[in-house]
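Taking it in order: structure first as structure tokens, then the write-up.
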Amino acid sequence: MTTPPRIAITGIGCVTSLGMNANETYHALIQGQRGLGRLTLFSSGRYGHMPVAGILRSLEGLPIRIRRKSRTEQLAFAASREALQQAGYGDAVPSPAGWGCLAGTTVAGMFSTEDYFIQTWFDKPSAPAKLGHHLAGSVSQTLADSFGIQGLVTTLSTACASGVHAVVMGAALIRQGAARRVLACGADSLSRMTLNGFGSLLIMDPAGGRPFDADRRGLSLGEAAGALVLEHEDEALRRKARILAYVAGGGNTCDAYHPSAPDPEGRGAEAAMRQALVEAGIGPEKIGYVNAHGTGTPDNDRAESLALARVFANQQPLISSTKGAIGHTLGAAGAVESVICVQALMTSTLPGTIGCSCPDPELPVKPLLKSQTQAVCFTMNNAFGFGGNNGCAVFAAAESAR
Amino acid sequence: MNLGVYGLGIASPAGIGKATVIERLKNNTAPVPTLRSAEDATLGLFLPALPVPALSGGRRMSPWLRMALSAGQEAVSDCSAEQRNALNIVSATGFGSLKHTADFLTNLIRNQESEPQPANFIFSVHNAAATQTAIALGSKGANYTLSSVDTGLEQALVLADKLSGLSLVLAADEYQPLANESQHKARYWKAVPVDPSSSACPGEGAAAVLVGPAQPGQITIRSIRAGFLPRKAPDVELEQAEINCLLAEAGVTWRDLDAVITNASQVPAWDRGLDAVWSHWPVTTEIPRRSYKPWTGEFPSASGCGLAITILAMQMGGWPDVHECKMKTVLFYNRSRFGFRSMVVLQR
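Residue numbers (the working numbering), protein chains in the order written: chain A, 670 to 1071; chain B, 8 to 355.
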């Protein structure tokens, strides 16, 4: 039996409310900054008081053809370009047929769709192209068009698990020979639909997201994009690329429980984590840090804590949620937090749980409150979505960092 | 690749359920005239025959969700409870549930955010079809949803091939007046000749294929490609090499092919790339080449329904108007004007 190839990560990129690139974001996270503020992208009479993690800095540095796309596509492009540049690729990838592109998104061009609706409702001339942005598939299509990727190009839309599913499936495609390299990305912009939708479910916290806190009342919405360049290790070594980390394993399960609520026992989440550990070929004791889904909603944090407690038993690693700092960025979350897991491996500095000041004593896991310096060999990223979609990825440090 | 087809379900203009579709294929009664009524913006072409799903919120579910559930449940009808429990689900869609999205946004604008509707929000997410199917079947395996403007089911098959065990691969899209109106404004349909025999009219539908490791006696998916090409004139030689490579992977040659089923729409502007590839390939003149579009109409998941209809035609042993065709080895080929290309070699 042949050993499956290792999946090297050679580039990372992200755009969040804390920074316009991966380093800026991570530095701010480690400093304990909170990227929540007033909603400025659009107005909302009912939920305008809810703090959000909006990207306030200009996206104007993007090429004109990208600025005509939806906001989500713009964010995806910015993060992907950074990741490709770090990996040593320019604006067009070599051997495009060997590249896959998996983008994760939940709302895609919903912000443009809303404009179309508003203009149609008030009988104003509406640009039909705006509805074209509604297609979630347009995110990966725009990236493939921009960077010349010609292999499997698709957009994963598994709600808030989309980003991590793009990473996990991207690694699987390489591992099983369907691609040599994959651009895995997750992106979502703020929209009226999600603000009102989550508002209608009564799961937004007026004080800002406080994951694992005793007084938590819900999440804070955000917008972001994260991207990773995944390569067959042989390809990375052949071109002498710097390997930042490895995707060691992944898990994907479904709760099959409820259209929006998680399984209260967290059984699907637990199964996804166990799958990822098995694929990585390690026991739970090897995991040094977990970037939890940790939305700050009472139900999610309770279910995830129960799952984490069962998986790690009495060997609990350091666990934090970064959603109190960068918001819940939906389809982007799994990709952005995968980038954070890679940075944790590279820098030996782990981010704390911004927003949590008094951990819930009823939860069986204790979150890391402030950033901490500690070398770790393996990190884990959880992302769970509406409908019971569960995703988990395990990352391993590059040899040089061990 | 060697994926066996264990089950199939369909809810489309060609019929709801395999039996109806096979009957129509046998009688060569293409459903296009029915579809034309879609132009008058009526919703729910198939709903009268689709049961209300026995799920929470079933009555409020959009045609998209009902079609997907109907096709999915038909495809797994022979599965044991144990198989359903471990089932992976990979679903594909272009627009997802436009109805729930449109209803939520319309209400938002009309009522100025005063009466938000959580059910429409929950069912508007693209993964609702895959996760509702998982809830209906109790399936706790891997669960993916992908979105693509074209060739979604073929992309989903590529992902399903990376999973172990049985996978239910779904593709669904619903007709929505809003999208149609937008397409009219964008002069999307203006390219379509006013010709009753043309298949280029709006459609909707869902297809589901249950796949797993191939076993003797099954229709098998021997090789597959799903890619994205630059939107310019195709490099015909490169494409021929790709097709040859695909056939070689399947262990067949051109001579073994009994039919080629394509996405030809009969709209010259849309078929330019497809025509260029085939006009440079003389051997294909001897192989029956047919389009599935008269059986599906135009919508993002049309290729999924086309593939399901092709599998049914293979089970039946012939394509409607090609009686001498044995349909034992078939090349299913899509080249869309949006840049997506898929190729599948199927064998009976």
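Beta carbons are placed, not taken as given, at the ideal position from N, Cα and C, and that holds for glycine.
Sub-8 Å separation of residue i and residue j beta-carbons
i: A:F711; j: A:R886; result: no
i: A:A747; j: A:V684; result: yes
i: B:V28; j: B:L319; result: yes
i: B:V12; j: B:V337; result: no
i: B:S308; j: B:L160; result: yes
i: B:F135; j: B:S104; result: Looking at the sequence itself, residue 135 of chain B is Ala, so the reference to Phe does not match. Yes, the pair counts as a contact, with Cβ atoms nearer than the cut-off.
i: A:F816; j: A:A772; result: no
i: B:A178; j: B:A99; result: yes
i: A:F1053; j: A:H962; result: yes
i: B:T158; j: B:S298; result: no
i: A:A917; j: A:V1063; result: yes
i: B:K106; j: B:P60; result: no
i: B:T128; j: B:F111; result: Reading off the sequence shown, one finds Phe at residue 128 of chain B, where the question assumed Thr. Contact: yes.
i: A:N1058; j: A:A893; result: no
i: A:C770; j: A:S809; result: yes
i: B:V97; j: B:V176; result: yes
i: B:W132; j: A:A853; result: Going by the sequence as given, residue 132 of chain B is Val instead of Trp. No. Outside cutoff.
i: A:G958; j: A:L1019; result: Looking at the sequence itself, residue 958 of chain A is Tyr, so the reference to Gly does not match. Yes, the Cβ-Cβ distance between A:Y958 and A:L1019 is below 8 Å.
i: A:S749; j: A:A982; result: no
i: A:V898; j: A:I678; result: yes
i: A:Q700; j: A:A766; result: no
i: B:P123; j: A:N865; result: yes
i: B:I364; j: B:L264; result: Missing from the structure shown is residue 364 of chain B; chain B here goes from 8 to 355 and no further.
i: B:A394; j: B:G311; result: Any question about residue 394 of chain B goes unanswered here, given that chain B covers just 8 to 355.
i: B:T140; j: B:A75; result: yes
i: A:A1067; j: A:L946; result: no
i: A:R844; j: A:G1024; result: no
i: B:L10; j: B:T227; result: yes
i: B:M334; j: B:G346; result: no
i: B:F235; j: A:A813; result: yes
Nearest-angstrom beta carbon gap, residue j and residue i [assumed within contact, 8 Å]
i: B:L62; j: B:R73; result: With 8 Å as the limit, B:L62 and B:R73 do not qualify as a contact, their Cβ atoms being about 10 Å apart.
i: B:M8; j: B:S230; result: 6 Å
i: A:M1049; j: A:I951; result: Contact doesn't hold; Cβ gap of about 10 Å is too wide.
i: B:G16; j: B:S77; result: 7 Å
i: A:A930; j: A:D968; result: 6 Å
i: A:E948; j: A:P674; result: The pair is not a contact, with the Cβ atoms about 13 Å apart (cut-off 8 Å).
i: A:L870; j: B:P125; result: 5 Å
i: A:L999; j: A:T782; result: Wrong, their Cβ atoms sit about 15 Å apart, outside the cutoff.
i: B:F306; j: B:G224; result: About 33 Å separates the two Cβ atoms, so there is no contact after all.
i: A:L725; j: A:T709; result: 7 Å
i: B:V284; j: B:V352; result: Contact doesn't hold; Cβ gap of about 16 Å is too wide.
Residue i Cβ short of 7 Å to the ligand GDP heavy atom set
i: B:A315; result: The ligand GDP is not part of this structure, which contains no ligands at all.
Proximal residues, the segment 121 to 139 of chain B versus chain A, C-beta separation under 8 Å: S121, P123, Q124, P125, F128, I129, F130, S131, V132, H133, N134, A135, A137, T138, Q139
Interfacial residues, the segment 737 to 764 of chain A to chain B, with Cβ spacing under 9 Å: none
Inter-stretch contact (C-beta, 8 Å, three-pair minimum) for the segment 718 to 737 of chain A and the segment 872 to 879 of chain A: yes
Residues in the segment 914 to 939 of chain A having any Cβ partner in chain B nearer than 9 Å: G920, N921, T922, C923, D924, A925, Y926, H927, P928, S929, R936, G937
Interface positions of the segment 820 to 833 of chain A facing chain B (Cβ-Cβ less than 7 Å), listed along the chain: G820, L821, V822, T823, T824, L825, S826, T827, A828
Every unbroken beta strand (DSSP E) within the segment 95 to 128 of chain B, with a cutoff of 3 residues, ordered by chain: 95 to 100
Interfacial residues, the segment 1001 to 1019 of chain A to chain B, with Cβ spacing under 8 Å: none
Short-range partners of chain A found in the segment 152 to 179 of chain B, where Cβ spacing is below 7 Å: T152, L153, S154, S155, V156, Q162, V165, L166, K169
Near-chain B residues of the segment 841 to 870 of chain A - C-beta to any C-beta below 7 Å: A841, L842, Q845, A847, R861, M862, N865, G866, G868, S869, L870
contact_flag[the segment 1015 to 1032 of chain A, the segment 917 to 929 of chain A] where n(CB pairs < 8 Å) is 3 or more: no
Interface positions of the segment 83 to 101 of chain B facing chain A (Cβ-Cβ less than 9 Å), listed along the chain: N92, N95, I96, A99, T100, G101
Stretch pair the segment 851 to 858 of chain A + the segment 935 to 950 of chain A: three plus CB contacts closer than 8 Å: no
Runs of alpha helix (DSSP H) wholly within the segment 260 to 292 of chain B (minimum 4 residues, chain order): 275 to 286
Inside the segment 805 to 865 of chain A only - alpha helix (DSSP H) runs reaching at least 4 residues: 806 to 816, 831 to 844
Any alpha helix (DSSP H) of 4 or more consecutive residues that is wholly inside the segment 953 to 1028 of chain A: 967 to 981, 992 to 995, 1002 to 1016
Chain B contacts from the segment 797 to 817 of chain A (Cβ-Cβ distance under 9 Å): P797, A798, K799, L800, G801, H803, L804, A805, G806, S807, V808, S809, Q810, A813, D814, G817
Residues of the segment 1033 to 1060 of chain A whose Cβ lies closer than 9 Å to any Cβ of chain B, in chain order: G1054, F1055, G1056, G1057, N1058, N1059
Meets three-Cβ-pair contact criterion under 8 Å: the segment 1000 to 1008 of chain A and the segment 978 to 989 of chain A: no
Within 8 Å of chain B by C-beta, residues of the segment 939 to 969 of chain A in sequence order: A940
Inside the segment 712 to 752 of chain A only - alpha helix (DSSP H) runs reaching at least 4 residues: 733 to 736
The segment 692 to 715 of chain A: positions lying closer than 9 Å to chain B by Cβ: S713, G714, R715
Residues in the segment 226 to 240 of chain B having any Cβ partner in chain A nearer than 7 Å: A233, G234, F235, L236
Residues of the segment 99 to 119 of chain B whose Cβ lies closer than 9 Å to any Cβ of chain A, in chain order: A99, T100, G101, F102, G103, L105, T108, A109, F111, L112, T113, L115, I116, R117, Q119
Residues of the segment 57 to 82 of chain B whose Cβ lies closer than 9 Å to any Cβ of chain A, in chain order: L62, S63, G64
Secondary structure, beta strand (DSSP E): runs of 3+ residues fully inside the segment 747 to 785 of chain A: 768 to 773
Near-chain B residues of the segment 717 to 735 of chain A (beta-carbon distance less than 9 Å), N- to C-terminal order: none
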